[in-house]
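A.B. asks: Numbering (our numbering), first residue to last: 19 to 765.
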């Protein structure tokens, strides 16, 4: 009985279950939920472009026929990117019908709108579960039931549950009977256990069941969404769908081999990661260097805006109105315009395919599972390769070491990409098809170039006090842009060190160091020197004495090996400083006033490099405050010659007169201070005396003396006011005299 009930449930839901079956991989083709007359077809992945800003461009291309439906499955988090970037083309005069996707409403809310429910599992004694539970919720729906002896068509009235006691010591057996209202008014009761098939004849009931299964499947696959693309056309034609998705950035890694002369040979690899659920099988792969702007906007969720409800006005015009459209071309329909564009696009595709057929069509990277479960890279190129496969060239001679094999180009590894500018970006286009299974990564050779350069040592005092760093100086003599990445250096057929290569554009010159040079010893002797005054300027009452402040560094460099070496000494020039004339000319300049001085050292040779930087400075003197001693010092040092000395006579006359007044004022202020102190003493004495005759006589004496002092204070204040007025006049004359003196004298 359980088997029959299960079979009947599957029979009811078979059409919907078939419609819901699809691949779990994003981007693969799956049957649409409401497929009717359209033909479900697939579009294989043909092109992938990876960007260094964390997005990837995917292009699907293939042949379709008739009315085609393409179902693409994506993760919920990918749909926003797809909706804002998808491009759909039918290149065979077909017409794109629609691009639709399933509702973004929560599955629980969609299930709540369906007029019946069903538990994922049911018990044999559960009267509300199984086929009986489904039919009980379809009351009134028309069904066609085939039993052991007859077929009945009618409307569901109810499901009757009958209990029968088989034995006193056992639980009663429940039998379910379907009660139908058949044609002609006949009421029919059928045992569900004897029913062989049951078909829903009511379209609305079938739709409810299909909606329930679709919502149930969506609830089970919470992170999946199907985008359905339809195109209506005649015959076989090409169809293209492209979109962008978030993807891991592609990375670069380099190997640099130095030949005996120190010239670098660069080998670059790109590392790509396929974290999608699609296998990349013979796809056209491009790697773009740059950071185009990209963002995510939540556009898949339905958005609502509040609208005010207005009552319907009386006498509203209910007749439909016609309006003349805008746009288009005179004498042509939109269909005709679309046909012309599709025809032009098709001709372009034919030309592209003809060009592509002239190229070698073989995958570069083919990842295969070996018998022991491991992953290996294989090349399907029809060329001889070394052991373990690779990118086809002839196998290197067994006697060649690693350095020699890499430099010779006979290592079985060839650059598989060509580079070129695309606007402000740079693209590495892999020249052969690439295959990378999903959730796997691959390394692709993109650079195999001999550069102009040399083995050098670089010394910078800020990074090391007595040792240089070993490295290379090279120029990007190719037309390629090198992305930043780790660099492993091989020198003398052995590992020599590692470095981080910055982003290098064509024609860029770079220094890259990968280890400490223990064979070159450097000693530094610094000293600061102030040069004599070289220029005197007198103007605006100021005397400026200009001189140069020099900072001198002596580098003593010793080559401690029998091998000649080239050393670059990096010297940071401060702001406002300049190199002296006796300093050797720098060989190159870096960023932020960093200059490099080149030294060629023979075997066991010691050389000295003297770098002197100078900065102009000056001492500032105020002519109005200059003393006779300072003036005589300037005359003795030839800052002021005899011809200019006469211009200072009036200045010093005025300066001396002002000094005399200052001395007189100082004397007056000292006398006033003495009188004030004496008066304070007299006041205290008067307060301390009594009122006897002797005290009154002493007080009278103090008062008489105080009166005399007050008279003297008035005289001193009057004299001070007079000479201060005279001082102000002399200071004005002095200012005019100092402003009148102006000359310039080189020493």
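Backbone N, C-alpha and C fix where the C-beta goes; we use that ideal spot for every residue, glycine too.
Here the structure is a predicted model, which means the values were calculated and not measured.
(1) Measure the alpha-carbon distance for residue 731 versus residue 548 and round it to whole angstroms.
(2) Consult DSSP for residue 749 and reduce its assignment to one of helix, strand or coil.
(3) Check residue 388 in the structure and name its three-state DSSP category.
(4) Just the Cα atoms here: how many angstroms apart are residue 284 and residue 72?
(5) If you compare alpha carbons, which of 119, 207, 674 and 658 is closest to residue 319?
(6) Could you say if the segment 286 to 305 and the segment 250 to 258 meet the contact criterion of at least three C-beta pairs nearer than 8 Å?
(7) Three Cβ pairs or more, each shorter than 8 Å: is that satisfied between the segment 605 to 617 and the segment 643 to 663?
(8) Go through its chain and collect everything with a Cβ distance to residue 207's Cβ below 6 Å, but skip five positions before and after it.
(9) I need the DSSP call for residue 508, collapsed to helix, strand or coil.
(10) Taking only runs of the beta strand (DSSP E) that begin and end inside the segment 452 to 523, which ones reach a length of at least 3 residues, in chain order?
(11) Could you compute how far the alpha carbon of residue 570 sits from the alpha carbon of residue 602?
(12) Spatial neighbours of residue 214 within its chain, please: C-beta separation below 6 Å, excluding the five flanking residues on both sides.
(13) Less than 8 Å between the beta carbons of residue 271 and residue 504, yes or no?
(14) What's the C-alpha gap between residue 667 and residue 640?
(15) Span of the alpha helix (DSSP H) holding residue 527?
(16) What residue from 473, 450 and 468 has the CA that sits closest to residue 462's CA?
(17) Is residue 535 buried or exposed, if buried means 16 or more other CB atoms sit within 10 Å of its CB?
(18) Using the C-alpha atoms, what's the distance from residue 115 back to residue 84?
(19) From residue 766 to residue 234, what does the alpha carbon distance come to, in whole angstroms?
(20) Among 638, 540, 755 and 323, whose alpha-carbon lies nearest the alpha-carbon of residue 486?
(21) Taking DSSP as the reference, what is the three-state secondary structure of residue 279?
(22) Given residue 387, which residues of its chain have a CB within under 6 Å of its CB, disregarding the five upstream and five downstream residues?
(23) Whose CA, out of 631, 177 and 674, lies closest to the CA of residue 151?
(24) Return yes when the Cβ of residue 249 is within less than 8 Å of the Cβ of residue 112, no when it is not.
(25) At the level of alpha carbons, what is the spacing between residue 469 and residue 274?
(26) CB-CB under 6 Å to residue 579, same chain, minus the five flanking residues each way: which ones, in chain order?
(27) Please report the residue range of the alpha helix (DSSP H) in which residue 704 lies.
(28) Between which residues of its own chain and residue 69 is the CB-CB distance below 6 Å, once the five residues before and five after are set aside?
(29) Can you grab the Cα-Cα spacing for the pair residue 481 / residue 587, in whole Å?
(30) In its own chain, which residues sit with a C-beta less than 6 Å from the C-beta of residue 200, not counting the 5 before and 5 after it?
(31) Thinking C-beta only, is residue 65 closer than 8 Å to residue 292?
(32) Residues in its own chain within less than 6 Å of residue 183 by CB, not counting five upstream and five downstream?
(33) Assuming residue 474 and residue 490 are in contact, meaning their beta carbons sit under 8 Å apart, how far apart are those beta carbons, in whole angstroms?
(34) Is it the case that the segment 508 to 524 contacts the segment 594 to 613, given that we only count it when at least three CB pairs across the two stretches are under 8 Å?
(35) Under a three-way DSSP split, which group does residue 552 fall into?
(36) Should the segment 526 to 534 be regarded as contacting the segment 732 to 745, the criterion being three or more beta carbon pairs within less than 8 Å?
C.D. replies: If we stick to the structure as given:
(1) Position 713 of the chain shown, counted from the first residue, corresponds to residue 731. Position 530 of the chain shown, counted from the first residue, corresponds to residue 548. Cα to Cα, residue 731 sits roughly 55 Å from residue 548.
(2) One-based indexing of the chain shown puts residue 749 at position 731. Helix, per DSSP.
(3) Your numbering for residue 388 matches position 370 in the chain shown. Since pLDDT at residue 388 reaches only 36, below the 50 mark, its modelled position is unreliable, and no value is offered.
(4) Residue mapping note: residue 284 aligns to position 266 of the chain shown, counting from 1. Residue mapping note: residue 72 aligns to position 54 of the chain shown, counting from 1. Spanning the two alpha carbons is a distance of roughly 26 Å.
(5) Counted from its first residue, the chain shown places residue 319 at position 301. If we check each option's Cα against that of residue 319, 119 comes out closest.
(6) Contact between the segment 286 to 305 and the segment 250 to 258 is absent: fewer than 3 CB-CB pairs across the two stretches fall below 8 Å.
(7) With fewer than three CB-CB distances shorter than 8 Å, the segment 605 to 617 does not count as touching the segment 643 to 663.
(8) Here residue 207 is taken as the residue at index 189 of the chain shown, counted from 1. Sequence-distant Cβ neighbours of residue 207 in its own chain, meaning closer than 6 Å and more than five residues away, are 195 and 197.
(9) Walking along the chain shown from the start, residue 508 turns up at place 490. It is a strand residue.
(10) Within the segment 452 to 523, the complete beta strand (DSSP E) segments at least 3 residues long are 452 to 454, 458 to 468, 470 to 478, 485 to 493, 503 to 509 and 513 to 519, listed from N- to C-terminus.
(11) On the chain shown, residue 570 is found 552 positions in, with the first residue counted as 1. On the chain shown, residue 602 is found 584 positions in, with the first residue counted as 1. Using only the alpha carbons, I get a separation of about 13 Å.
(12) Counted from its first residue, the chain shown places residue 214 at position 196. For residue 214, the CB contacts under 6 Å within the same chain, skipping 5 residues up- and downstream, are 164 in chain order.
(13) What you label residue 271 is simply residue 253 of the chain shown in a count that begins at 1. What you label residue 504 is simply residue 486 of the chain shown in a count that begins at 1. Note that the C-beta distance between residue 271 and residue 504 is below 8 Å.
(14) On the chain shown, residue 667 is found 649 positions in, with the first residue counted as 1. On the chain shown, residue 640 is found 622 positions in, with the first residue counted as 1. If I take the Cα positions, the gap works out to 16 Å.
(15) Residue mapping note: residue 527 aligns to position 509 of the chain shown, counting from 1. Unbroken run through residue 527 is the beta strand (DSSP E), 527 to 548; no alpha helix (DSSP H).
(16) Along the chain shown, read from residue 1 onward, the residue named residue 462 stands at position 444. Ranking 473, 450 and 468 by Cα distance to residue 462 puts 450 first.
(17) Translated into the one-based positions of the chain shown, residue 535 becomes position 517. Buried, because 16 or more other Cβ atoms sit within 10 Å of the Cβ of residue 535.
(18) Along the chain shown, one-based indexing puts residue 84 at 66. Along the chain shown, one-based indexing puts residue 115 at 97. When rounded, the distance between both Cα atoms is 12 Å.
(19) Given that the chain is displayed from residue 19 to residue 765, the structure contains no residue 766 and the question cannot be resolved.
(20) Looking up residue 486 in the chain shown gives position 468. If we check each option's Cα against that of residue 486, 540 comes out closest.
(21) Position 261 of the chain shown, counted from the start, is the residue given in the question as residue 279. Coil.
(22) Start at 1 with the first residue of the chain shown, and residue 387 comes out as number 369. Low confidence applies here, because residue 387 scores a pLDDT of 35, under 50, leaving its location unreliable and the question unanswered by this model.
(23) The sequence position of residue 151 within the chain shown is 133, counting from 1. Comparing Cα positions, the closest option is 177.
(24) On the chain shown, position 94 is the one that residue 112 refers to. On the chain shown, position 231 is the one that residue 249 refers to. Yes, the Cβ-Cβ distance between residue 112 and residue 249 is below 8 Å.
(25) Numbered from 1 along the chain shown, position 451 holds the residue referred to as residue 469. Numbered from 1 along the chain shown, position 256 holds the residue referred to as residue 274. So the alpha carbons of these two residues sit roughly 10 Å apart.
(26) Residue numbering aside, residue 579 sits at position 561 when the chain shown is read from its first letter. Its chain contains 537 as the residues whose beta carbon lies nearer than 6 Å to that of residue 579, once the 5 sequence neighbours on both sides are disregarded; these appear in chain order.
(27) Numbered from its first residue, the chain shown carries residue 704 at position 686. Where residue 704 is concerned, the enclosing alpha helix (DSSP H) stretches over 667 to 706.
(28) Position 51 of the chain shown, counted from the start, is the residue given in the question as residue 69. Exclusion of the five residues before and after residue 69 leaves 306 as the residues of its chain whose Cβ lies within less than 6 Å of its Cβ.
(29) Within the chain shown, the letter at position 463 stands for residue 481. Within the chain shown, the letter at position 569 stands for residue 587. Cα to Cα, the separation comes out at about 12 Å.
(30) As a first step, residue 200 must be located in the chain shown, where it is residue number 182. So the qualifying residues of the chain are 170, 172 and 206.
(31) Looking up residue 292 in the chain shown gives position 274. Looking up residue 65 in the chain shown gives position 47. At a Cβ-Cβ threshold of 8 Å, residue 292 and residue 65 do not count as neighbours.
(32) Sequence index remark: in the chain shown, residue 183 carries index 165 (1-based). Apart from the 5 residues on each side of it in sequence, residue 183 sits with its Cβ closer than 6 Å to the Cβ of 190 in its chain, given in chain order.
(33) Working through the chain shown from its first residue, we reach residue 474 at position 456. Working through the chain shown from its first residue, we reach residue 490 at position 472. Approximately 7 Å separates the beta-carbon atoms of residue 474 and residue 490; this is inside 8 Å, confirming the contact.
(34) Flag = no, the segment 594 to 613 and the segment 508 to 524 do not touch.
(35) Stepping through the chain shown from its first residue, residue 552 is reached at position 534. Looking at residue 552 - three-state DSSP - the assignment turns out to be coil, as it is neither helix nor strand.
(36) These segments do not touch.
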